[in-house]
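Here our numbering is used: the first residue of the sequence shown is 1, the next is one more, and so on. This report concerns only the one structure given below.
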Amino acid sequence: MRTALLRMIATPMVDVTRVLGAVPPERLTVDGADLLDALKASAMFSDRVRLEVTRDSLTVSTYAPQGKGYAEADSEIPLPCEATADRTIVLALDKITPCLKVVDTGPVNLGYYSDHRQMVRITTENGGALSSLMAIDATRALAAAKGKAA
1 MRTALLRMIA TPMVDVTRVL GAVPPERLTV DGADLLDALK ASAMFSDRVR LEVTRDSLTV
61 STYAPQGKGY AEADSEIPLP CEATADRTIV LALDKITPCL KVVDTGPVNL GYYSDHRQMV
121 RITTENGGAL SSLMAIDATR ALAAAKGKAA
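Right, dumping it as structure tokens:
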């Protein structure tokens, strides 16, 4: 028992980047304060937000699966950005908003995958990692909402 405890203490802790995987290859750069304001506006209607990323713009809108929340109150807020690939990402507001409150002003990067993988990594422009979180699989969320409505 004592030997096992000493081995556990002597073993180096796993770095968070090893647990979460490599840095996502795609990147979106947007002003942190503008993004936070758009997220706060979306929070009035839903607890989830949809980020529609194109190469030169980001559209922040409310997201509610069919039959949940204020789906008809869909608000879209366009923001200028620079992105490396197109993607639609659905995030829980209670996960992303605290990450962005740390950044007062200046650009932030959202790292993401252009395929089906759901990991999103938020960093500051100078490369300091703020947070990594999992996006909501929009297809599965819609299927679950339809199942509950039936």
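We put the beta carbon where it would ideally sit given N, CA and C, even for glycine.
Which stretch, first to last residue, makes up the alpha helix (DSSP H) that contains residue i?
i   : result
P98 : L93 to L100
Buried or exposed: where does residue i fall if 16 or more other Cβ atoms within 10 Å of its Cβ makes it buried?
i    : result
G111 : buried
G135 : In the sequence under discussion, the amino acid at residue 135 is Ala, which differs from the Gly named in the question. Burial call: buried.
R140 : exposed
A143 : exposed
Short check: CB of residue i to CB of residue j, under 8 Å?
i    : j    : result
S75  : S61  : yes
A83  : R117 : no
P107 : E125 : yes
K101 : L51  : no
L130 : I96  : no
Y63  : R87  : no
L91  : V120 : yes
I89  : A41  : no
Less than 6 Å between C-beta atoms, sequence neighbours within five positions excluded: which residues of the same chain meet that for residue i?
i   : result
A85 : E26 and S114
D34 : L79
A43 : L93
With residue i as the anchor, note down where its beta strand (DSSP E) starts and where it stops.
i    : result
S57  : S57 to T62
G32  : It is not in any beta strand (DSSP E) - G32 instead sits in the alpha helix (DSSP H) that spans G32 to S42.
R117 : No beta strand (DSSP E) holds R117; DSSP gives it neither H nor E.
I77  : E76 to P80
E52  : R48 to V53
Going by beta carbon distance, what residues of the same chain come within less than 8 Å of residue i, once the five residues before and after it are set aside?
i   : result
C81 : L28, T29, V30, V53, D56, S57 and L58
L39 : V49, V60, L93, I96, T97 and L100
Counting only the same chain and skipping the five closest in sequence on each side, list residues whose C-beta sits under 7 Å from that of residue i.
i    : result
D137 : Q118
P24  : G111, Y112, Y113, M119 and R121
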